[in-house]
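Line by line, the protein sequences are chains A and B.
Position one of the first sequence corresponds to residue 371 (this note's numbering), numbered consecutively onward.
Position one of the second sequence corresponds to residue 2 (this note's numbering), numbered consecutively onward.
Below you'll find the structure, written out as structure tokens, and then a few comments.
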Amino acid sequence: GQSLEQPSEVTAVEGAIVQINCTYQTSGFYGLSWYQQHDGGAPTFLSYNALDGLEETGRFSSFLSRSDSYGYLLLQELQMKDSASYFCAVRDYMDSSYKLIFGSGTRLLVRP
Amino acid sequence: DTAVSQTPKYLVTQMGNDKSIKCEQNLGHDTMYWYKQDSKKFLKIMFSYNNKELIINETVPNRFSPKSPDKAHLNLHINSLELGDSAVYFCASSPIRRMNTEAFFGQGTRLTVV
Chain A
371 GQSLEQPSEV TAVEGAIVQI NCTYQTSGFY GLSWYQQHDG GAPTFLSYNA
421 LDGLEETGRF SSFLSRSDSY GYLLLQELQM KDSASYFCAV RDYMDSSYKL
471 IFGSGTRLLV RP
Chain B
2 DTAVSQTPKY LVTQMGNDKS IKCEQNLGHD TMYWYKQDSK KFLKIMFSYN
52 NKELIINETV PNRFSPKSPD KAHLNLHINS LELGDSAVYF CASSPIRRMN
102 TEAFFGQGTR LTVV
């Protein structure tokens with residue numbers, strides 16, 4: 371089966387840097403994605419890693435190590451609006467089909 | 002133009018009723034999904050459709066049935082609603098290309114069963 375683990379909650383101050391880790395277990399791995407979801411809103415795509423290494427998109431960066439089945443999302447220069455839930459997700463390919471499986475989410479609280 | 006739209010946004014109904022949630026995407030994607038998000042924010046996949054063909058049917062009660070009249074639509078029918086069905090249901094779509102895993106979500110339907 372598939373499973374993803376990430377911390378349930380993280381707190382940081384405005385302007386700081388925070389890292390949200392994700393470990394996964396899956397059979398047919400086709401990449402690790404990160405999604406952001408504000409309260410009452412829909413998940414929105416942030417980043418995707420198919421290969422090992424760091425991908426940078428503005429203040430957000432995402433890292434993947436396939437050998438360790440591990441990735442993280444790095445948020446820099448935190449802003450109050452970054453307070454949201456962050457989900458890692460793996461794209462699995464099994465039985466001739468793709469499936470996007472989400473972790474349980476990490477609630478990030480940014481304080482002044 | 003809304004990429005993935007689902008209706009209604011809110012749905013309050015009594016136990017035992019039958020209800021439907023509609024979903025449409027105008028992105029030309031091959032794959033559509035239904036997810037259930039409970040009060041603990043856990044996003045659980047329910048169904049996955051690829052080109053109108055049911056690909057994945059997770060362990061959901063058979064009271065839930067997806068219907069895909071065409072590639073752009075994936076509706077969710079729920080029979081004999083129960084209190085435990087209360088949750089937010091998200092429709093999503095994604096292209097099937099291997100190197101692109103971005104999924105686009107609808108705004109969600111908050112279902113409350115009373």
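Quick reminder that beta carbons are idealized off the backbone N, C-alpha and C, glycines included.
Fair warning: this is a prediction, and the values are worked out from it, not measured in the lab.
Any residues in the segment 23 to 35 of chain B with a beta carbon nearer than 8 Å to a beta carbon of chain A? Which ones, in chain order? T32, Y34
Euclidean distance between Cα positions of P67(B) and S378(A): 31 Å
With burial defined as no fewer than 16 other Cβ atoms inside 10 Å of the residue's Cβ, what is the status of K10(B): buried or exposed? exposed
Given a threshold of 16 other Cβ atoms within 10 Å of its Cβ, counted over all protein chains shown, does S94(B) qualify as buried or as exposed? buried
Classify G17(B) as buried or exposed, calling it buried when 16 or more other Cβ atoms lie within 10 Å of its own Cβ. exposed
Looking at the C-beta of A93(B), does it have a partner C-beta in chain A at a distance below 9 Å? yes
Three-pair Cβ contact test at 8 Å for the segment 15 to 29 of chain B versus the segment 73 to 84 of chain B: yes
Rounded to whole angstroms, what is the Cα-Cα separation between T393(A) and A386(A)? 23 Å
Given a cut-off of 9 Å on the beta-carbon distance, is the pair L55(B) and F472(A) in contact? no
Per the DSSP calculation, C450(A) is bridged to which residue(s)? Just to set this straight, residue 450(A) is Met in the shown sequence, not Cys. None; M450(A) has no bridge partner.
With the cut-off set at 9 Å, would you say Q446(A) and F430(A) are in Cβ contact? yes
Would you tell me roughly how many angstroms separate the C-alpha atoms of F106(B) and F48(B), rounded to the nearest one? 14 Å
Under a three-way DSSP split, which group does L445(A) fall into? strand
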